[in-house]
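Novice: Numbers in this note's numbering are just positions in the sequence shown, counted from 1, shifted up by 57.
Have a look at this one before I ask anything.
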Amino acid sequence: MAIRKKIRIGEMLVENRLISEEQLQQALVAQKKTGHKLGDTLIELGMVTSSGLLQCLARQLQIPYIDLQHYRYKPETVRKLPETYARRFRAIVLNETNGELLVGMADPTDIFAYDELVKILKRPVNQAVVRESDLLRTVDTVYRRTDQIVNLAEELGEELGQGVNLAELLPASELEDAPVVKLLRSLFEDAVQVGASDIHIEPDEAVLRIRQRIDGLLHEQIIKEKRIAGALVSRLKLLSGLDISERRLPQDGRFNIRVHGKSIDIRLSTMPLQHGESVVMRLLDQSGGILGFDQVGMPPEILAPFRAAVQRPHGMVLVTGPTGSGKTTTLYAALNELNLAEKKVITVEDPVEYRLPRINQVQVHPRIGLDFSSILRASLRQDPDVIMVGEMRDQETAEIGLRAAMTGHMVLSTLHTNDSVSTALRLLDMGAAGYVVASALRAVLAQRLVRRICPSCQEDDPLNPQQRSWLRAKTGGIPEGVSFRRGLGCPKCHNTGYRGRIGVFELLEISEPLADALRRGDSGGFAEIAARQKGFRPLELCALQYAREGVTTMEEVLRVSGQVDEQALLESEPASTATEEASLEA
């Protein structure tokens, strides 16, 4: 059904008593200053919510309002409208019934856009109202550049078949239109669209594998044109300022690109393989700025004491976890808070990931003797208030950092350990004296990233015997009235059942009893005191809380816990009580 009537948003909201006439006039004044749409202005001023506005508009136009976050669509149906028009008209094809198309529009009152859509689709079009931000996110997910990447790879293969090394022979001005550059541009655009953190380019015996890490998991695309790998690697080396003739040794570099209006810093690493060179690129979005503490996602009961710990005038605070657990994000959030005119902050990093104004950032170069320990010694002569060391890698670095924390400096650093309790003990294992660790260490934050359940395809999760046993061992049974959830898998989450990640945290503050245990070198006593300390909650229980709230799955909780206790696994399933069974079915 075509919508021909022009709707005045302001009058409609006043008539439906969502805003007053006075609020409308205030919004109109603000709109003239900003130039934004009236609806956006009302939302920005907090006079109406986005969903309230859209639902009111849907009632007025007598069309449905569809929440795309929970709508199940077919990618092939969405692609009936070319991406260019989907973005231009803020429209998305959602369904096809009896030859008619249901099209979601961010602004269904746009008569010109509606007429153009009818001409392009050549079908009767029924409208629905959708939220613009959800529409653009869905468009980014559906219109992947996989086909374009394959076509450009074939085009590049044909060019290389003529014996031309594009990366080395063409001048930069001509190279911009070369297939190798177009292919790389498509790779980066696709990665940014889907929120990939890394791109892997891996030559195999007969094919080239391109993999993207999305929400912690790799997604693979196979390209048959294996011979293009050399041209891709050479071009990436040129962008990074590396030696394109050196193919026997690993190299590291970085460069910056702009994709979809975002400034993306690319950290690149090459490694020689049996069938060529592997390239791994870490994508760092510089355009969004550094996250603050309030955006990291720490629960209030952890955020408040951790913030207090890093704002102390001296001492050491460690952030721990495996690679990819978000340690760097947390440390930069701390630096962002400590970056004040009255404080001198020096960082020792390998590599420098985000560039911060006012902060003195030093890049480690071991080949020339510029390692963590030497930079740390030099930093202490620069009159710093705060020192951030990328990682405590050896005994010398740890001892210098601990002594700096004892002599009036705040020291922030990381360690690769499994939890906060083992972190303090690791310092002892590295050779640091117990009395030094006890005097310098203030707090340890352990963290992990767990995947969020996709909101579009979530369903009840019937726990398996392993998960039931773990719950009985940790909490005494399955909580009454709690229904755990999981994702079934849909196009929006690439059929994984997960979309996005959230941090789980474990904070251990070094109290006097814990410090005494460290002085004695009593590792067993230290662990016992930590487990009993008021307010201490292990990582796995933090993750379990998210599972109870339906944010993540029990599968992710068990992954965070590392392994299920052997005793829990030995317990037989029939031992479950009738109450547990009834709670599970609820």
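Backbone N, C-alpha and C define an ideal beta-carbon position, used for all residues, glycine too.
With a Cβ-Cβ cutoff of 9 Å, do residue 506 and residue 559 count as a contact?
Specialist: Stepping through the sequence shown from its first residue, residue 506 is reached at position 449. Stepping through the sequence shown from its first residue, residue 559 is reached at position 502. Their beta carbons are under 9 Å apart, which means residue 506 touches residue 559 by this criterion.
Novice: Counting Cβ pairs closer than 8 Å, one from the segment 495-502 and one from the segment 533-547, do we hit at least three?
Specialist: no
Novice: What residues in its chain sit with their C-beta under 6 Å from that of residue 200, if we drop five residues either side in the sequence?
Specialist: In the sequence shown, the residue the question calls residue 200 occupies position 143. 140.
Novice: Going by C-alpha distance, which of 557, 350, 372 and 173 is nearest residue 501?
Specialist: For the purposes of this step, residue 501 is identified with residue 444 of the sequence shown, where counting begins at 1. The shortest C-alpha separation from residue 501 is found at 372.
Novice: Quick check: the Cα distance between residue 598 and residue 354, rounded to an integer number of angstroms?
Specialist: Here the question's residue 598 lines up with position 541 in the sequence shown. Here the question's residue 354 lines up with position 297 in the sequence shown. Their backbone Cα atoms lie some 16 Å apart in a straight line.
Novice: Could you pull out every residue in the same chain whose Cβ sits closer than 6 Å to the Cβ of residue 725, ignoring the five residues on either side in sequence?
Specialist: The requested residue 725 does not occur in the structure, where the chain is confined to residues 58 to 643.
Novice: Please determine if the segment 352-370 and the segment 477-493 are in contact, where contact requires at least 3 C-beta pairs separated by less than 8 Å.
Specialist: no
Novice: Between which two residues does the alpha helix (DSSP H) carrying residue 169 extend?
Specialist: Working through the sequence shown from its first residue, we reach residue 169 at position 112. Residues 168-178.
Novice: Taking the alpha-carbon of residue 470 as reference, which of 294, 605 and 443 has the nearest alpha-carbon?
Specialist: To locate residue 470, count along the sequence shown from 1; it is residue 413. It is 443.
Novice: For the segment 421-438 and the segment 386-396, state whether three or more C-beta atom pairs, one from each stretch, are separated by less than 8 Å.
Specialist: Contact fails between the segment 421-438 and the segment 386-396, because fewer than three Cβ pairs, one in each stretch, are under 8 Å apart.
Novice: Within the same chain, show all residues whose beta-carbon is closer than 7 Å to that of residue 298, passing over the 5 residues directly before and after it, in chain order.
Specialist: Locating residue 298 in the sequence shown gives position 241, where the first residue counts as 1. The beta carbon of residue 298 sits closer than 7 Å to the beta carbons of 310 from its chain, once the five residues preceding and following it are set aside; these are given in chain order.
Novice: Are three or more beta carbon pairs between the segment 511-529 and the segment 117-132 nearer than 8 Å?
Specialist: yes
Novice: If you follow the alpha helix (DSSP H) that residue 481 is in, where does it begin and where does it stop?
Specialist: Residue mapping note: residue 481 aligns to position 424 of the sequence shown, counting from 1. Segment 477-486, the alpha helix (DSSP H) holding residue 481.
Novice: What's the call for residue 466, buried or exposed, on a 16-neighbour Cβ count within 10 Å?
Specialist: Along the sequence shown, one-based indexing puts residue 466 at 409. With 16 or more other Cβ atoms within 10 Å, it is buried.
Novice: Take residue 49 as the anchor and find which of 418, 366 and 475 has the nearest alpha-carbon.
Specialist: Since the first residue of the chain shown is 58 and the last is 643, residue 49 is not available in this structure.
Novice: Could you check what DSSP says for residue 449 in three-state terms: helix, strand or coil?
Specialist: In the sequence shown, the residue the question calls residue 449 occupies position 392. If DSSP states are grouped into helix, strand and coil, residue 449 belongs with coil.
Novice: Residue 330 and residue 260 - do their beta-carbons sit closer together than 9 Å?
Specialist: Counted from its first residue, the sequence shown places residue 260 at position 203. Counted from its first residue, the sequence shown places residue 330 at position 273. The answer is yes: Cβ separation under 9 Å.
Novice: For residue 147, count neighbouring Cβ atoms within 10 angstroms of its own Cβ and tell me buried if that reaches 16, exposed if not.
Specialist: Numbered from 1 along the sequence shown, position 90 holds the residue referred to as residue 147. Using a 10 angstroms sphere on the CB of residue 147, the tally of other CB atoms reaches 16 or more, which defines it as buried.
Novice: Can you give the beta carbon distance from residue 504 to residue 382, rounded, assuming they're within the 8 Å contact cut?
Specialist: Counting from one through the sequence shown, the residue named residue 504 turns up at place 447. Counting from one through the sequence shown, the residue named residue 382 turns up at place 325. Yes, residue 504 and residue 382 are in contact; Cβ-Cβ is about 5 Å, under 8 Å.
Novice: Could you tell me the distance, in whole angstroms, from the CA atom of residue 85 to the CA atom of residue 133?
Specialist: Here residue 85 corresponds to residue number 28 of the sequence shown, with the count starting at 1. Here residue 133 corresponds to residue number 76 of the sequence shown, with the count starting at 1. When rounded, the distance between both Cα atoms is 41 Å.
Novice: In whole angstroms, what separates the C-alpha of residue 566 from that of residue 456?
Specialist: Looking up residue 566 in the sequence shown gives position 509. Looking up residue 456 in the sequence shown gives position 399. Their backbone Cα atoms lie some 20 Å apart in a straight line.
Novice: Cβ of residue 568 less than 9 Å from any chain C Cβ?
Specialist: Within the model displayed, chain C is absent; a lone protein chain is all it includes.
Novice: Would you say the segment 562-579 touches the segment 273-290, given that touching needs at least three Cβ pairs under 8 Å?
Specialist: Segments in contact, no.
Novice: May I have the straight-line CA-CA distance separating residue 77 from residue 105, to the nearest angstrom?
Specialist: For the purposes of this step, residue 77 is taken as the residue at position 20 of the sequence shown. For the purposes of this step, residue 105 is taken as the residue at position 48 of the sequence shown. Taking the straight line from one Cα to the other gives about 11 Å.
Novice: Can you check the segment 525-558 for any beta strand (DSSP E) of at least 3 residues that lies completely inside it and give the ranges in chain order?
Specialist: 542-544
Novice: In this structure, does DSSP put residue 224 in helix, strand or coil?
Specialist: For the purposes of this step, residue 224 is taken as the residue at position 167 of the sequence shown. The predicted model places residue 224 with a pLDDT of 40, which falls under 50 and marks its position as unreliable; any figure quoted below should be read in that light. Helix at residue 224.
Novice: What is the C-beta distance between residue 52 and residue 95, in whole angstroms, given that I count them as a contact (C-beta under 8 Å)?
Specialist: The question about residue 52 has no answer here: the residues shown for the chain are numbered 58 through 643.
Novice: Flag this pair as yes or no: are the beta carbons of residue 546 and residue 509 separated by less than 9 Å?
Specialist: In the sequence shown, the residue the question calls residue 546 occupies position 489. In the sequence shown, the residue the question calls residue 509 occupies position 452. No, they are not a contact pair.
Novice: By Cβ distance below 6 Å, which residues in the same chain neighbour residue 422 in space, the five residues on each side in sequence not counted?
Specialist: What you label residue 422 is simply residue 365 of the sequence shown in a count that begins at 1. Counting only residues of its own chain and dropping the five nearest sequence neighbours on each side, residue 422 has no CB closer than 6 Å to any other CB.
Novice: Where DSSP assigns a beta bridge to residue 280, which residues make up the other side?
Specialist: Along the sequence shown, one-based indexing puts residue 280 at 223. According to DSSP, residue 280 bridges with 265.
Novice: If the criterion is Cβ atoms closer than 9 Å, does the pair residue 577 and residue 491 meet it?
Specialist: As a first step, residue 577 must be located in the sequence shown, where it is residue number 520. As a first step, residue 491 must be located in the sequence shown, where it is residue number 434. Yes, these two residues count as a Cβ contact at 9 Å.
Novice: Quick one: what does DSSP say residue 124 is sitting in, helix, strand or coil?
Specialist: Taking the sequence shown and counting its residues from 1, the one referred to as residue 124 is at position 67. Three-state DSSP puts residue 124 in coil, outside helix and strand.
Novice: Within the continuous beta strand (DSSP E) that includes residue 417, where are the two ends?
Specialist: As a working note, residue 417 is residue 360 in the sequence shown. Here the beta strand (DSSP E) through residue 417 covers 417-420.
Novice: Could you name the residues of the same chain whose beta carbon sits closer than 6 Å to that of residue 68, not counting the 5 residues immediately before and after it, in chain order?
Specialist: Here the question's residue 68 lines up with position 11 in the sequence shown. Excluding sequence neighbours, residue 68 sits near nothing in its chain.
Novice: Quick check for students: name the residue ranges of the alpha helix (DSSP H) that lie wholly in the segment 319-379, counting only runs of 4 or more.
Specialist: 350-353 and 357-367
Novice: Can you confirm whether the segment 307-321 touches the segment 265-279 when touching is taken to mean that 3 or more C-beta pairs between the two stretches lie within less than 8 Å?
Specialist: no
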